[in-house]
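Residue numbers (our numbering), protein chains in the order written: chain R, 503 to 626; chain A, 503 to 626. Every residue gets a Cβ at the ideal spot worked out from N, C-alpha and C, and that includes glycine. Being a predicted model, the structure only gives us computed values, none of them experimental.
There are 2 protein chains.
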Amino acid sequence: MPNRSLKPKLPKSPSGCPMDSLLRLLMGQWTCYILWVLCTNGPLRFGELKRNVPGLSSKVLTERLRMLEESRIIFRDHHPSIPPQVTYGLTERGKELLTALDELFEIAKRWCVEDESVASPESL
Amino acid sequence: MPNRSLKPKLPKSPSGCPMDSLLRLLMGQWTCYILWVLCTNGPLRFGELKRNVPGLSSKVLTERLRMLEESRIIFRDHHPSIPPQVTYGLTERGKELLTALDELFEIAKRWCVEDESVASPESL
DNA sequence: AAGGGTAGTTACCAAAAAGTACCTACTTTC
DNA sequence: GAAAGTAGGTACTTTTTGGTAACTACCCTT
């Protein structure tokens, strides 16, 4: 049986600022992308999730999932069958978080369009 | 004269996703905190900014400011007087971004309160 | 005339993060 | 009977970051 001992080691936010803890969590590479995949695809098994994020290693995926689970942003549903079946999905907190991240996404898209129209002006 | 040659080296988002570029920018340590300080205090000079973010080194501050300037999230106002006077502040883009980040901040605060009330339930 | 403040830059080093490869234990499929 | 798939864990290496200290050039203050 896997012992789930991989240490997530969030530095525990010495400043005590709530935003600091949240940023520290989201700032890790892949983290937001993992959340976005879980949001658009619904709950996924470990392997499916990994296949949906090309380039992501098992090690890092496990770390990220542990941190997100600990913060109750995602849930972990474990069926100790053979082969084992573990499903991850967004909790209510996770969905709430995604609505905020979605706003960032909208901004990113808007800026991208703006930048393109600056790069190639319509005056031809 | 400082030659402003410090390479910001954003990995240029190989995936081409707009959100990826934005996250790559915001994800760096201190970046969001710098933006928050500029938002709450208004435009600040380099030294003032540094003093407002304890623990942040000149090197990293310069790197972050260059990246944010390049993305037009902050502006850089340079008066080549002696001593030199350089002021940084949020652009319209920056202010737009901060409204989105503020929502994350609200979520972080709410969760923090929730977690405390779970840790010490009112049933005494 | 020595020290401090201005806004950085550079080189060097230490720490943290991420990637790689290989391992479990069991079943199903080829 | 060997390979592949399940969900990770472990050890090792490499890459990326961030911090430190010293430096620029010029002025004002003590």
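- Note that the C-beta distance between F577 of chain A and T564 of chain A is not below 8 Å.
- Burial state of S559 of chain A is exposed, judged by a 10 Å Cβ sphere holding fewer than 16 other Cβ atoms.
- At a cut-off of 8 Å between beta carbons, C534 of chain R contacts chain A.
- About 11 Å separates the Cβ atoms of L600 of chain R and L606 of chain A, ruling out a contact at the 8 Å cut-off.
- Under the 10 Å beta carbon count, P520 of chain A is surrounded by 16 or more other beta carbons and is classified as buried.
- Look at R547 of chain A here: in three-state DSSP terms it is strand.
- Three or more Cβ pairs closer than 8 Å define a contact, and the region 582-597 of chain R meets that threshold against the region 540-552 of chain R.
- Counting along the chain, T564 of chain A sits inside the alpha helix (DSSP H) bounded by residues 560-572.
- Contact of A610 of chain R with chain A by beta-carbon distance below 9 Å involves C519, P520, M521, D522, S523, L524, L525.
- Non-local C-beta neighbours of S573 of chain A in its own chain, meaning closer than 7 Å and more than five positions away in sequence, comprise L527, ordered along the chain.
- When secondary structure is reduced to three states using DSSP, T593 of chain R falls in the coil class, being assigned neither helix nor strand.
- One finds nothing in chain A with a Cβ atom closer than 7 Å to the Cβ of L570 of chain R; even the nearest lies about 13 Å away.
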